[in-house]
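To start, the structure under review is shown below, and the notes come after it.
Put into structure tokens, the structure is as follows:
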């Protein structure tokens, strides 16, 4: 079946450092790809998404490019802030019955130190 | 637009008791999903409603679990005869746009602890 593998955490960086969180996927067909973020005590929030190969999703300084040839969707940010500390989930969509079931990776906990 | 809401936010129960959770989706969202998230893992799909029809159920949803969406608005998830393995965060999400452009909006979740 479809699956998502994320870089294991936790990841700890200093403020203003460059961030990469790796995400690879296995899927039949061409799913949409997502990054969700979960801040402490809150629900999942959509960070960015890409719906087809070579699309780049971006939001709040974060970017990820849908790479079909390497089945990857790595998350990057050029300069992280303390407020970016959260758990990040990579996900793909599985089509069924006209809807989209999300398949998530295990999550990567990111801590940014001032 | 007040977002997806879930109630209660936290529930502690004893093994063998029944519990019920409620999800209120974003108004006019016709699609509603339930997911379960155990500690240190990503959410896993449980079930899906389009309007009031339950169209898909995961194998994770044993016979002790039942979900309803009686009028195509709010949804309830009931767990009967709870077990310690049911301890998890139960997440609800809703959406309105079909196909590849669909975006699911998640609620804050209900954290269940079974003692």
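Chains as they are written, first to last, in the numbering used here: chain A, 1125 to 1238; chain B, -1 to 113. Positions of the beta carbon are idealized from the N, C-alpha and C atoms, including for glycine.
* To do: Using three-state DSSP, classify residue 2/B as helix, strand or coil.
  => When DSSP states are grouped into helix, strand and coil, residue 2/B belongs to the coil group.
* Buried or exposed for residue 1236/A, please, with buried defined as at least 16 other CB atoms from any protein chain shown within 10 angstroms of its CB. => It counts as buried.
* **Residues of its chain near residue 82/B, where Cβ-Cβ distance is below 7 Å and the 5 sequence neighbours each way are ignored** => Within the same chain, and ignoring the five residues on either side of residue 82/B in sequence, the residues whose Cβ sits closer than 7 Å to its Cβ are 13, 112.
* Is any beta-carbon of chain E found at less than 8 Å from that of residue 46/B? -> The chain labelled as chain E is not found among the protein chains of the depicted structure, namely A and B.
* **Supposed contact pair residue 1146/A and residue 1130/A - C-beta distance, whole angstroms, cut 8 Å** => The C-beta distance from residue 1130/A to residue 1146/A rounds to 7 Å, short enough to meet the 8 Å contact threshold.
* To do: Provide the residue span of the beta strand (DSSP E) that contains residue 22/B, from first to last.
  => For residue 22/B, the uninterrupted beta strand (DSSP E) run begins and ends at 17 to 22, by DSSP.
* Asked: In the DSSP assignment, what residue or residues form a beta bridge with residue 104/B?
  -> DSSP lists 91/B as the bridge partner or partners of residue 104/B.
* To do: Find the residues of chain B that neighbour residue 1132/A, judging by a C-beta separation of less than 7 Å, and give them in chain order.
  => In chain order: nothing, as chain B lies at least about 11 Å away.
* To do: Please name the residue in 66/B, 41/B, 60/B whose C-alpha comes closest to that of residue 53/B.
  => Among 66/B, 41/B, 60/B, the Cα nearest to that of residue 53/B is on 66/B.
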